[in-house]
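Presented below is the structure to which this report refers.
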Amino acid sequence: MAFKPLHDRVVVRRVESDEKTAGGLIIPDSAKEKPSEAIVVSVGEGARKDSGELIAPSVAAGDKVLFGKWSGTEITVDGEDLLIMKESDILGVIA
Amino acid sequence: MAFKPLHDRVVVRRVESDEKTAGGLIIPDSAKEKPSEAIVVSVGEGARKDSGELIAPSVAAGDKVLFGKWSGTEITVDGEDLLIMKESDILGVIA
Amino acid sequence: MAFKPLHDRVVVRRVESDEKTAGGLIIPDSAKEKPSEAIVVSVGEGARKDSGELIAPSVAAGDKVLFGKWSGTEITVDGEDLLIMKESDILGVIA
Amino acid sequence: MAFKPLHDRVVVRRVESDEKTAGGLIIPDSAKEKPSEAIVVSVGEGARKDSGELIAPSVAAGDKVLFGKWSGTEITVDGEDLLIMKESDILGVIA
Amino acid sequence: MAFKPLHDRVVVRRVESDEKTAGGLIIPDSAKEKPSEAIVVSVGEGARKDSGELIAPSVAAGDKVLFGKWSGTEITVDGEDLLIMKESDILGVIA
Amino acid sequence: MAFKPLHDRVVVRRVESDEKTAGGLIIPDSAKEKPSEAIVVSVGEGARKDSGELIAPSVAAGDKVLFGKWSGTEITVDGEDLLIMKESDILGVIA
Amino acid sequence: MAFKPLHDRVVVRRVESDEKTAGGLIIPDSAKEKPSEAIVVSVGEGARKDSGELIAPSVAAGDKVLFGKWSGTEITVDGEDLLIMKESDILGVIA
Numbered sequence: 001m002a003f004k005p006l007h008d009r010v011v012v013r014r015v016e017s018d019e020k021t022a023g024g025l026i027i028p029d030s031a032k033e034k035p036s037e038a039i040v041v042s043v044g045e046g047a048r049k050d051s052g053e054l055i056a057p058s059v060a061a062g063d064k065v066l067f068g069k070w071s072g073t074e075i076t077v078d079g080e081d082l083l084i085m086k087e088s089d090i091l092g093v094i095a
Numbered sequence: 001m002a003f004k005p006l007h008d009r010v011v012v013r014r015v016e017s018d019e020k021t022a023g024g025l026i027i028p029d030s031a032k033e034k035p036s037e038a039i040v041v042s043v044g045e046g047a048r049k050d051s052g053e054l055i056a057p058s059v060a061a062g063d064k065v066l067f068g069k070w071s072g073t074e075i076t077v078d079g080e081d082l083l084i085m086k087e088s089d090i091l092g093v094i095a
Numbered sequence: 001m002a003f004k005p006l007h008d009r010v011v012v013r014r015v016e017s018d019e020k021t022a023g024g025l026i027i028p029d030s031a032k033e034k035p036s037e038a039i040v041v042s043v044g045e046g047a048r049k050d051s052g053e054l055i056a057p058s059v060a061a062g063d064k065v066l067f068g069k070w071s072g073t074e075i076t077v078d079g080e081d082l083l084i085m086k087e088s089d090i091l092g093v094i095a
Numbered sequence: 001m002a003f004k005p006l007h008d009r010v011v012v013r014r015v016e017s018d019e020k021t022a023g024g025l026i027i028p029d030s031a032k033e034k035p036s037e038a039i040v041v042s043v044g045e046g047a048r049k050d051s052g053e054l055i056a057p058s059v060a061a062g063d064k065v066l067f068g069k070w071s072g073t074e075i076t077v078d079g080e081d082l083l084i085m086k087e088s089d090i091l092g093v094i095a
Numbered sequence: 001m002a003f004k005p006l007h008d009r010v011v012v013r014r015v016e017s018d019e020k021t022a023g024g025l026i027i028p029d030s031a032k033e034k035p036s037e038a039i040v041v042s043v044g045e046g047a048r049k050d051s052g053e054l055i056a057p058s059v060a061a062g063d064k065v066l067f068g069k070w071s072g073t074e075i076t077v078d079g080e081d082l083l084i085m086k087e088s089d090i091l092g093v094i095a
Numbered sequence: 001m002a003f004k005p006l007h008d009r010v011v012v013r014r015v016e017s018d019e020k021t022a023g024g025l026i027i028p029d030s031a032k033e034k035p036s037e038a039i040v041v042s043v044g045e046g047a048r049k050d051s052g053e054l055i056a057p058s059v060a061a062g063d064k065v066l067f068g069k070w071s072g073t074e075i076t077v078d079g080e081d082l083l084i085m086k087e088s089d090i091l092g093v094i095a
Numbered sequence: 001m002a003f004k005p006l007h008d009r010v011v012v013r014r015v016e017s018d019e020k021t022a023g024g025l026i027i028p029d030s031a032k033e034k035p036s037e038a039i040v041v042s043v044g045e046g047a048r049k050d051s052g053e054l055i056a057p058s059v060a061a062g063d064k065v066l067f068g069k070w071s072g073t074e075i076t077v078d079g080e081d082l083l084i085m086k087e088s089d090i091l092g093v094i095a
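Chain order of the listed sequences is A, B, C, D, E, F and G. In this text, residue positions in the first sequence follow UniProt numbering: the first is 1, and each later residue adds one. In this text, residue positions in the second sequence follow UniProt numbering: the first is 1, and each later residue adds one. In this text, residue positions in the third sequence follow UniProt numbering: the first is 1, and each later residue adds one. In this text, residue positions in the fourth sequence follow UniProt numbering: the first is 1, and each later residue adds one. In this text, residue positions in the fifth sequence follow UniProt numbering: the first is 1, and each later residue adds one. In this text, residue positions in the sixth sequence follow UniProt numbering: the first is 1, and each later residue adds one. In this text, residue positions in the seventh sequence follow UniProt numbering: the first is 1, and each later residue adds one.
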């Protein structure tokens, strides 16, 4: 099953950070509120200018990106938990 | 009776997910707040650009789509419960 | 007496739904919050684009339409209770 | 003394509806919240498009109009109580 | 000392209405909430269109205008109390 | 050290008004809420039109201006306390 | 690892001000709410005009800038704590 986001939406797969410290302690949530990393899974065809033309997206499938911790909506595609968000919620690309 | 949504509105028919678990337990509502699936029933002629021209819709009748759980307004057409929403409330198309 | 709505406003006459059940019970208001049907009575000349040109209305007098239950303002023309609303409050046309 | 409203403002004179019933009872305010009738007294030269050009007003002095009960600001010109409002507060013209 | 308002701002001098009644009673504030009269003292060069061009102001120094009671900010120029406001806060010109 | 404000921002140096009365009394803050005077220190290159072109600023370094008491953010440049604000927060120029 | 901010975002490295006074006292937070200094680390390709064209950024990597104390989101790149913000949150450039 494929899922194609509409307009300027982007589907990403979270990169789980290692939530244990070296000594094996689990870090509580409140200690991890920085932006999260994710891999772009699929990208819509882009938003439209006032003139109605498409604006090409700035990210592509496979890009490793940073996004705000509270951005996006969780969706389930083929049993996998993914996130769908606006391209503008993506802060930048990790090269 | 046919119903034609105006502008950039879209009429969809919910795809009811199976609300029982394998063992027959009914999952309470609070456990199901992810976006819902629906089939597009009919589509308006599209929103208008600033210049007044129409923007062609990005979904068509028959598309299987994902939309936010709280989007849309319930309507009854020919005794069937449907949902009418803005095209922008549709997250993407399941191919 | 004729009444001509300005701009993108539309005047409609509600189609009263039958408020009694088969057995003659009166359905209380809270059970009827779905969009309502109405017949379009008269239509303004349309909104204006940024360029100042008119956008032709998408409904015409005589159309049977569905509108949100809470849309519009009640007016009385020639002793008849009608509703005036923006064209954008009309969800679609029943053909 | 003449008063010329600026931009897309319109000055109107309320048409007092007969506030007594046939039997002479005074109808309390809460029973009269429908839009009110008024005669247009004077009209500004119109709003401006984005391009800076004027949009000709849709009403003219002498028109009988319907406006929302709570629209406009009371002004006194030559001792007469009038109302000044935006043209967009006028619902339509009674012909 | 001269004061030149920027953009679409206008400096006005209030015309004090006679606050006593014929019999010499002082009218309390709550009885006077209608728009106030003022004389335009100086006018900015005008707002700018989207295209960046200036829109010529609709009032000129010396015009007698009506403005909303709560509009504007008090300023002191050469020891005189004046009001500075947006041109859009001016309701109209008394000719 | 020089500081160049970006876009349509303006850096100003407050002109301290004499906070004592003739008799030497210190006027409490609540008695001084009118707009304040300042000298423009430096000016950004200007805001951009929709078309992306720059709009030339309406004030220049050295201008004596009036600005709203609560406008701007305090900054320290070379140990001197200055204010940075949007050009639109400047009410006008004292000539 | 390189991080490329999207659109009109800018990544900066805070310049820590010396938080001790000459006598060695630590200044509490509430005494330091003025805008902060930072060095620009990387810059997105710029925002887009209505027409869809890019607007070149006004700052470049290496610029020393002043930004509002509460602007931006903390990110960690290669173990270093940086800030990502909109170019419009940058008040100006220190030359």
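In this text, a Cβ means the ideal position worked out from N, Cα and C, and glycines have one as well.
| Asked | Found |
| --- | --- |
| Apart from the five residues on each side of it in sequence, which residues of its chain come closer than 8 angstroms, Cβ to Cβ, to E:Leu91? | Pro35, Val65, Leu66, Phe67 and Gly68 |
| Would you say A:Lys4 lies against chain B (beta-carbon separation less than 7 angstroms)? | yes |
| Please list the segments of the beta strand (DSSP E) lying wholly inside the region 29 to 94 of chain B, counting only runs of 3 or more residues, in order along the chain. | 36 to 43, 64 to 67, 73 to 77, 80 to 86 and 90 to 94 |
| According to DSSP, simplified to helix, strand and coil, what is F:Val10? | strand |
| Would you call the CB atoms of residue 121 of chain D and E:Ala95 closer than 7 angstroms? | Lying outside 1 to 95, the shown extent of chain D, residue 121 of chain D is not represented and no answer is given. |
| Could you compute how far the alpha carbon of E:Val93 sits from the alpha carbon of D:Trp70? | 24 angstroms |
| Return yes when the Cβ of B:His7 is within less than 7 angstroms of the Cβ of B:Gly44, no when it is not. | yes |
| Tell me, please, whether the CB atom of D:Gly52 is closer than 7 angstroms to any CB atom in chain H? | In the structure shown, chain H cannot be found, because the protein chains are A, B, C, D, E, F and G. |
| Please list, in chain order, the chain E residues whose beta carbon lies closer than 8 angstroms to that of F:Leu83. | Within 8 angstroms Cβ-Cβ: nothing; F:Leu83 doesn't reach chain E, min ~17 angstroms. |
| Please tell me whether C:Ile94 has its Cβ less than 7 angstroms away from any Cβ of chain B. | yes |
| Within a Cβ cutoff of 6 angstroms, which residues of the same chain sit near D:Thr73, ignoring the five residues on either side of it in sequence? | Ile84 |
| For B:Ile55 and chain C, any beta-carbon pair shorter than 7 angstroms? | no |
| Can a CB atom of chain C be found closer than 7 angstroms to the CB of B:Ile75? | yes |
| In angstroms with no decimal places, state the Cα-to-Cα distance between residue 107 of chain F and F:Arg13. | Any question about residue 107 of chain F goes unanswered here, given that chain F covers just 1 to 95. |
| Cβ closer than 8 angstroms: which chain D residues qualify as neighbours of E:Ile90? | Leu6 |
| Along chain A, in chain order, which residues have C-beta atoms closer than 9 angstroms to that of G:Arg13? | Going along chain A, no residue has its Cβ under 9 angstroms from G:Arg13, so there is no contact; the nearest lies around 15 angstroms. |
| Out of C:Ala56, C:Ser88, C:Leu82 and C:Gly79, state which residue places its alpha-carbon closest to the alpha-carbon of C:Gly46. | C:Ala56 |
| What is the rounded straight-line gap between the Cα of F:Lys58 and the Cα of E:Glu37? | Checking the displayed sequence, the identity of residue 58 of chain F turns out to be Ser instead of Lys. C-alpha separation (whole angstroms): 29 angstroms. |
| CB C:Val15 to CB C:Val40, shorter than 7 angstroms? | no |
| Could you pull out every residue in the same chain whose Cβ sits closer than 8 angstroms to the Cβ of C:Ser88, ignoring the five residues on either side in sequence? | Asp8 |
| May I have the straight-line CA-CA distance separating G:Lys49 from F:Lys49, to the nearest angstrom? | 9 angstroms |
| Any Cβ of chain B within less than 7 angstroms of the Cβ of C:Ala31? | Caution is warranted here: a pLDDT of 47 is assigned to C:Ala31, below 50, making its placement in the model unreliable, and the coordinate value is therefore given only provisionally. No - not a single Cβ of chain B is within 7 angstroms of the one on C:Ala31. |
| Hey, is F:Ser58's beta-carbon within less than 7 angstroms of any beta-carbon in chain E? | yes |
| Can you name, in chain order, every residue of its own chain whose Cβ lies under 8 angstroms from the Cβ of D:Leu54, other than the five neighbours on each side? | Glu45, Gly46, Ala47 and Arg48 |
| Does chain C have any CB closer than 7 angstroms to the CB of D:Lys69? | no |
| Roughly how many whole angstroms lie between the Cα atoms of D:Asp78 and D:Asp63? | 21 angstroms |
| Here's a check: name, in chain order, each residue in its chain whose Cβ is nearer than 7 angstroms to the Cβ of F:Asp81, leaving out the five neighbours to either side. | Glu74 |
| Would you verify that the beta carbon of E:Lys49 is, or is not, closer than 7 angstroms to some beta carbon of chain D? | yes |
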